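Some notes on the structure that comes next.
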Amino acid sequence: MPLVNYSDSEDESNGTPADLQHQNDTNALKRTRDEAEAPSELPPLPSAFYDLYATDTRRSTRDDSSLHGGRKRAIPHKEGNWLTHVYLEWHPTLTESTTLSTLISLVQKAEHAQELSDSDPGIHSSLLSPLGTPLPLHISLSRSLVLVATQRESLLATLTTNIRKAAVRPFDTEATALKWVPNYERTRWFLVLGLAQPEGDELNKLLDACNATAVEFRQPELYSGSGSSENIKDEIENAEGRKHRKKRRRSRRSTSSTKVEAPQDRSEAFHISIAWTLEDPGTAYTDLLQGPDVEAFLDKEVRAMKVRLEGVKVKIGNAVSLVPLAPAKKLDDSHGMLGL
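See below:
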């Protein structure tokens, strides 16, 4: 049996205190140097990671607003229905997320300075997870769509085809304004960043592709009127508006598929939500967004950020699929629902 040669314990004890101190100092210096060379900010998580946790764990068998900060479903859950949403996703860096958090804080400080705290609507940030990590932010490309099980795969396939036909490559945009926007049911109000029209008008092109898909599946279109999102609810409830949309749909069906129409400009409607509240902010809070401190910070810090957009997300129930923005020849046709 071979013997293992261990170092003599006397050799270690023979070192002088000065030698031992020098060794300790060297090790400490090396640790300090390694820490200094380490990156100050962790690399961002891959986009697909957030898709795994895009929906909170269900904690009740019925809709319970108390489990969601008072929020209520715009469309109540019904067995057999699949709520669907199409959107672009932006992943702010930690620095960008901090900048947006500061912007929200400035709005809240302006509120207290004007002694409006008694009517505080309760602003909730959409920027960070409960663990304090930056969350992806969304640009809606559809209203809430309600599908049955048999429509899931076909809608995703149709939408993918329409997006590819739009031939939109990854692009940048930037924030232009800060405003309050309600949802269609006026049950929530969102503090949003309005977006500039990209150089290639990509947002309008993608919205046209998504609305064309919605029409094919007899679903409501997003921003189908000429106004911004603030008056869309009124438009939908207006009978003349409904007649106008039906007439336009018949016109689309009769138009040759080879004809390319210029997209309708809805640039004023596109936005990114950064916070929300359950109460109508009212005129007083709306006016605070034009305050000197808020406007100066918006102009210096927020408008300087580039919003990079590289893919369309399609959330059907709890499943999230990605349609990359890239030339059609570079896209892989092998991926279906969940990217499988």
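Residue 104 in the working numbering sits at position 102 of the sequence shown, and the numbers go up by one each step.
No residue lacks a Cβ here, since even glycine has one placed at the ideal position from N, Cα and C.
These numbers were taken from a predicted model, which means no experiment stands behind them.
- Shown here for residue 199: same chain residues with a beta carbon closer than 6 Å to its own, the five before and five after excluded, namely 269 in chain order.
- Here residue 267 carries a coil assignment [DSSP, helix/strand/coil].
- Three or more beta-carbon pairs separated by less than 8 Å link the segment 274 to 286 to the segment 182 to 200, which places the two stretches in contact.
- Taken through DSSP and simplified to helix, strand or coil, residue 99 comes out as helix.
- Scanning the segment 168 to 202 for uninterrupted alpha helix (DSSP H) segments of 4 residues or longer gives nothing; none is fully contained.
- Secondary structure note for residue 317: it is in no alpha helix (DSSP H), and the uninterrupted beta strand (DSSP E) holding it is 313 to 318.
- Taken through DSSP and simplified to helix, strand or coil, residue 216 comes out as helix.
- The beta carbon of residue 102 is closer than 6 Å to those of 129, 276 in its chain, skipping five residues each way along the sequence.
- Under a 10 Å Cβ-count criterion, residue 180 is classified as buried, with 16 or more other Cβ atoms of the shown protein chains found around its own Cβ.
- For the 7 Å CB-CB criterion, residue 217 and residue 144 do not form a contact.
- According to DSSP, residue pairing for residue 86 in a beta bridge involves 147, 318.
- Inclusion of residue 274 and residue 211 in the CB contact set at 7 Å is not warranted, their separation being larger than that value.
- CA-CA distance, residue 155 to residue 84, rounds to 12 Å.
- Excluding residues up to 5 positions away in sequence, 308, 310 lie with their Cβ nearer than 6 Å to the Cβ of residue 174 in the same chain.
- Under DSSP, the beta-bridge partners assigned to residue 277 are 127, 193.
- Here residue 197 is buried. Its C-beta has 16 or more other C-beta atoms within 10 Å.
- Contact between residue 205 and residue 142 fails: their C-beta atoms lie close to 11 Å from each other, not under 8 Å.
- Rounded to the nearest whole angstrom, the C-alpha separation of residue 326 and residue 305 is 26 Å.
- Looking from the CA of residue 104, the closest CA among 298, 80, 163 belongs to 298.
- Contact between residue 93 and residue 132 does not hold, since the beta-carbon distance rounds to 18 Å and is not under 8 Å.
- Between residue 215 and residue 161, the CB-CB gap stays under 7 Å.
- In the structure shown, residue 226 adopts coil according to DSSP, grouped into three states.
- Excluding sequence positions up to five before and after residue 296, its CB lies within less than 8 Å of the CB of 105, 108, 109, 112, 180, 290, all in the same chain and listed in chain order.
- In the structure shown, residue 105 adopts helical secondary structure according to DSSP, grouped into three states.
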